[in-house]
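Visitor: Count along the sequence shown from 1, then add 66; that gives the number in our numbering.
Following this message is one structure expressed as C-alpha cells.
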Amino acid sequence: MDKTSIIFVHIGAGNHSIDKEKIYKEAIKRACIIANEALKLGKPCEKVVEIAIKSLEDNPATNAGIGSNLTRNGTVQCDASIMRSTDGAFGAVGAVSAIKNPIEAANKLLDFEAKGEDALGLVPPLENSKEQLESVSDIDVFEDTVGAVCLDFNGNIASGVSSGGIAIKLEGRVGEAAIYKSGCWAQAYNNEGIETVVGSSVTGNGEQIMRLSVAKKMAKSLSHPEIDPLESTEKTFSKLLGIFFYTLVF
67 MDKTSIIFVH IGAGNHSIDK EKIYKEAIKR ACIIANEALK LGKPCEKVVE IAIKSLEDNP
127 ATNAGIGSNL TRNGTVQCDA SIMRSTDGAF GAVGAVSAIK NPIEAANKLL DFEAKGEDAL
187 GLVPPLENSK EQLESVSDID VFEDTVGAVC LDFNGNIASG VSSGGIAIKL EGRVGEAAIY
247 KSGCWAQAYN NEGIETVVGS SVTGNGEQIM RLSVAKKMAK SLSHPEIDPL ESTEKTFSKL
307 LGIFFYTLVF
C-alpha cells in the first residue's frame, strides 16, 4: 500500500449558527493541523483520531467536552466512542461527567479493560449554576456530534465521535456516540483478495441512528472497491431512510 494518510474531521450535522461559521471553520482547521502533525510523528490512527477530537472537545463552540449541552438538571453528561480496523477493538463511555476529554477515556478502553467498582461506577456530576441552565434554555441553536476518521501510514483506519447529547436531555441519556455500530465504525475487509479499510463517523438523529446501526451499515456499503462509492452510499442511505419512514408510519 502507498505511504499515504488522511484525516477527516466534522463538527456535526445539526443547526449551526451562521454568525459562528468562521469559528467553526477555525475549529476544524485546528483539529486537522494538530492531527496531521501527529500523523507525521508516526502516531497510530486511533491516537490521531483521539487528538483531533480532543481539539474539538476543548473548543467551547462545539457540542462536545467543555462546550457540551446541559441536562435538565444543569449538569454535563458526555458520550464518546472510538474504533480501529486492526483488530475491531471498540471503546466507549456514556453519560460521563467531570471528564474533560471523553474521547481520551474511550480510547484507553481499547487496550485496557475496566476493572472493579470504581472503574465502572458513576462519575460524580459537575455542578452547574442555575444561570447557566437558563442561558442555554434561551438559545434555539444547538450543535451536534463531532467526529473524525483517520487513515495512517500503515494503512490502518480508526473512527471516533464525541457528543454532549441533545440540549436539556434527561439525566443518564446515552446517545449514538457511545453505542456500538451506531456512532462510528472501522473495519478491514478482504473481498476476493482485495484488501479494503473503511471508517465512518456519524452525526444526526441519535435514536434512529442507534436503531438502524447506521455507522456499520454505511461503512459496509463502501467495502466493495469495484462499486462506485458515491452510488453505493446513496443506495444504502436511501434504504436506511426507507426503513426510518416505515418505522415512523408503522
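From the three backbone atoms N, C-alpha and C, an ideal C-beta is built for every residue, glycine too.
Does residue 91 come out as helix, strand or coil in the three-state DSSP assignment?
Guide: The answer is helix: DSSP assigns residue 91 an H, G or I state.
Visitor: Using a threshold of 9 angstroms, state whether the C-beta atoms of residue 306 and residue 295 are closer than that.
Guide: No, they are not a contact pair.
Visitor: Please determine, among 84, 83, 115, the residue with the shortest C-alpha to C-alpha distance to residue 72.
Guide: Cα-wise, what sits closest to residue 72 is 115.
Visitor: So, with DSSP's three-state summary, where would you put residue 232?
Guide: Of the three classes helix, strand and coil, the one that applies to residue 232 here is coil, per DSSP.
Visitor: Buried or exposed, going by whether 16 or more other CB atoms sit within 10 Å of the CB of residue 137?
Guide: Classification of residue 137: buried, given that the 10 Å Cβ count is 16 or more.
Visitor: In this structure, what does DSSP give as the bridge partners for residue 285?
Guide: Looking at the DSSP assignment, residue 285 forms no beta bridge with any residue, so it has no partner.
Visitor: Using CA coordinates, which residue listed in 78, 256, 228, 81 is at the minimum distance from residue 244?
Guide: Residue 244 has its Cα closest to that of 228, out of 78, 256, 228, 81.
Visitor: To the nearest angstrom, report how far apart residue 80 and residue 270 are at their CA atoms.
Guide: Using only the alpha carbons, I get a separation of about 7 angstroms.
Visitor: Is the distance from the Cβ of residue 78 to the Cβ of residue 210 below 9 angstroms?
Guide: Yes, the pair counts as a contact, with Cβ atoms nearer than the cut-off.
Visitor: Assess, as a yes-or-no matter, whether the stretch 160-173 is touched by the stretch 229-241 under the definition of 3 or more beta carbon pairs within less than 8 angstroms.
Guide: Verdict: yes, contact present.
Visitor: Our contact map puts residue 214 next to residue 101 with C-beta atoms below 8 angstroms; I'd like the distance itself, whole angstroms only.
Guide: Yes, they are in contact, since the Cβ atoms of residue 214 and residue 101 sit about 7 angstroms apart, within 8 angstroms.
Visitor: Could you check the C-alpha separation between residue 148 and residue 85 for me, to the nearest Å?
Guide: Rounded to the nearest angstrom, the two C-alpha atoms are 31 angstroms apart.
Visitor: Out of 265, 304, 292, which one is the CA nearest neighbour of residue 111?
Guide: Answer by Cα proximity: 265.
Visitor: Any idea if residue 220 is buried or exposed, counting beta-carbon neighbours within 10 angstroms, 16 or more meaning buried?
Guide: When all chains shown are included, residue 220 counts as exposed.
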